[in-house]
Amino acid sequence: MLKELKLSHLVSGAVAVLVGYTGSVAIIFQAIEAVGATQAQANSWMLVLGLGMGITCLILSLIYRMPILTAWSTPGAALLAVSLNGVPLAEAVGAFLLCAALLTLTGITGWFAALSRLIPDSLASAMLAGILFQFGLSAFTSLQTDTALVAVMGLTFLAGRKLFPRYCIPAVLAAGVAWCAGTGAFGSLEALDLTLARPQFEMPAFSLPVLIGIGLPLYIVTMSSQNMPGVVALKACGYEPPVSASLTVTGLASLILAPFGGFAFNLAAITAAICAGPEADENPDTRYLAGVMTGLVYILVGLGGATVISLFLIAPKALIATVAGLALLATIGNSLSAALAEPQGREAALITFMTTVSGISFLGIGAPFWALLLGLAVNHWLKPPEPVPVRA
1 MLKELKLSHL VSGAVAVLVG YTGSVAIIFQ AIEAVGATQA QANSWMLVLG LGMGITCLIL
61 SLIYRMPILT AWSTPGAALL AVSLNGVPLA EAVGAFLLCA ALLTLTGITG WFAALSRLIP
121 DSLASAMLAG ILFQFGLSAF TSLQTDTALV AVMGLTFLAG RKLFPRYCIP AVLAAGVAWC
181 AGTGAFGSLE ALDLTLARPQ FEMPAFSLPV LIGIGLPLYI VTMSSQNMPG VVALKACGYE
241 PPVSASLTVT GLASLILAPF GGFAFNLAAI TAAICAGPEA DENPDTRYLA GVMTGLVYIL
301 VGLGGATVIS LFLIAPKALI ATVAGLALLA TIGNSLSAAL AEPQGREAAL ITFMTTVSGI
361 SFLGIGAPFW ALLLGLAVNH WLKPPEPVPV RA
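For the sequence shown, my numbering begins at 1 and goes up steadily by one.
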């Protein structure tokens, strides 16, 4: 395995973690504040969330030799941030355990895996392109807010694509960090929190209203807005993920870590696309090493606790947005090409893509789920009927 390890695997893993944390760590903090957790409990949340993602990434990537990335449930965290006010932490943990049990049961029964096989590849690619579109776009919209930094990184990207394509994204990241360090664009080091995180166990309590009002919605949004896009992301990159096994592993991790603050783990989509695309490795068979590196970085970040998180928070937003956007360009392009390749399914794929990009939300469920439903309905309606065999 070590002989196949490349710098691009490590960089892809680091970028995936960077994107994963900076994209939603603020929402986690809001959820922690909503439940009234102490500083020690907050540090415990960040510790076990990092460890949970890291360990599950390692297990799944090593066993199945695929870049299977996991994440905390970002829509779930948003749900908790607005639903936990006034809810005792013990009852919140009870809701986390209910969600974890349902996730585990979903993996064991295998019904979700069977459902995922009904999704056409063109719609899977269109949905992935739509999910990643805003990240790609952010690399260009950042030009208006931080022109010099983005220009330096963009020129490095163009030079790298022609002169050293294998190390293009590492060079972009290095150029961005060097520019920020030289211009003083990083935030004040006084914001660093050097507190060491320790796990804090919270004995769960079970309240029927909290279980129904928080536990069930947490399961639903995690399945529809996280696990479904996660499966689609890997399929669009040419992999056949072990859906049931992945849900079982993430569900069990949620069960074990829920009393410490690990509210829900699931398959990742955006960060998975970073490690499952050609920028991580030209050879699809060894891209799993990018998933392994992601797992190791997640573990280090979790052990570092609040110190590492505060390091992420002082980095300029344009630096992170540009690295993520440029790293995902190839995956976005490949996904769009695959989605629109067949003329007969082009309308359904376009509707799936545009609905995903729109960001609409109904019943607390995000756009990717509704995009998939619309795409499947349109595809079924417009798909030409199967020819009836003529008997001799």
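By construction, the Cβ of each residue, glycine as well, lies at the ideal position given by its N, Cα and C atoms.
Boundaries (first-last residue) of the alpha helix (DSSP H) holding residue i
{"i": "T163", "result": "This sequence places Leu at residue 163; Thr is not what is there. T147 to L163 is the span of the alpha helix (DSSP H), which, as asked, contains L163."}
{"i": "T56", "result": "Q39 to Y64"}
{"i": "L350", "result": "R346 to S358"}
{"i": "M228", "result": "M228 to A236"}
{"i": "F394", "result": "The chain is shown only over 1 to 392; residue 394 falls outside these bounds and no answer can be derived."}
{"i": "F96", "result": "L89 to T109"}
{"i": "Y219", "result": "L216 to T222"}
Cβ-based neighbour list, residue i, same chain, cut-off 7 Å, excluding 5 preceding and 5 following
{"i": "S361", "result": "A367"}
{"i": "A129", "result": "I332, S335, L336, A339 and F353"}
{"i": "A392", "result": "The predicted model places A392 with a pLDDT of 48, which falls under 50 and marks its position as unreliable, so this point remains unresolved."}
{"i": "G54", "result": "G295, L296, Y298, I299 and G302"}
{"i": "Y64", "result": "P242"}
{"i": "G238", "result": "P284"}
{"i": "E342", "result": "S122"}
{"i": "S44", "result": "A197, R198, P199, Q200, F260 and G261"}
{"i": "T56", "result": "T70, V249, T250, A253 and F265"}
{"i": "A258", "result": "V93, F96, L97 and A100"}
{"i": "T356", "result": "M127, G130, I131, A367, P368 and A371"}
{"i": "G76", "result": "L218, V221, T222, F263 and A264"}
{"i": "A81", "result": "I27, Q30, A31 and A34"}
Segment limits, beta strand (DSSP E) that includes residue i
{"i": "A71", "result": "T70 to W72"}
Residues sharing a beta bridge with residue i, DSSP
{"i": "L267", "result": "T70"}
Helix, strand or coil at residue i [DSSP, three-state]
{"i": "F186", "result": "coil"}
{"i": "F362", "result": "strand"}
{"i": "P406", "result": "The requested residue 406 does not occur in the structure, where the chain is confined to residues 1 to 392."}
{"i": "E4", "result": "helix"}
{"i": "V35", "result": "coil"}
{"i": "Q30", "result": "helix"}
{"i": "G86", "result": "coil"}
{"i": "M127", "result": "helix"}
{"i": "A392", "result": "Caution applies to A392, whose pLDDT of 48 falls short of 50 and renders its modelled position unreliable; the model cannot decide the point."}
{"i": "G176", "result": "helix"}
{"i": "F201", "result": "coil"}
{"i": "S122", "result": "helix"}
{"i": "L336", "result": "helix"}
{"i": "Y21", "result": "helix"}
{"i": "A341", "result": "coil"}
{"i": "F206", "result": "coil"}
{"i": "P75", "result": "helix"}
{"i": "L143", "result": "helix"}
{"i": "L132", "result": "helix"}
{"i": "A14", "result": "helix"}
{"i": "L196", "result": "coil"}
Any chain D beta carbon closer than 7 Å to residue i
{"i": "V87", "result": "Annotation note: the requested chain D is absent from the structure, which comprises a single protein chain."}
Cut-off 6 Å between Cβ atoms - residues of its own chain near residue i, not counting five sequence neighbours on either side
{"i": "A42", "result": "I32"}
{"i": "L98", "result": "L211 and G215"}
{"i": "A171", "result": "T156 and G160"}
{"i": "F263", "result": "F96"}
Close beta carbons around residue i, own chain, < 8 Å, minus the five adjacent residues each side
{"i": "A393", "result": "The structure shown does not extend to residue 393, since the chain spans only 1 to 392, so no value can be given for it."}
{"i": "G94", "result": "P204, A205, F206, S207, V210, L211 and G215"}
Completely contained beta strand (DSSP E) runs for the stretch 250-334, where each covers 3 or more residues: If we require 3 residues or more, the beta strand (DSSP E) runs fully inside the stretch 250-334 come out as 265-267.
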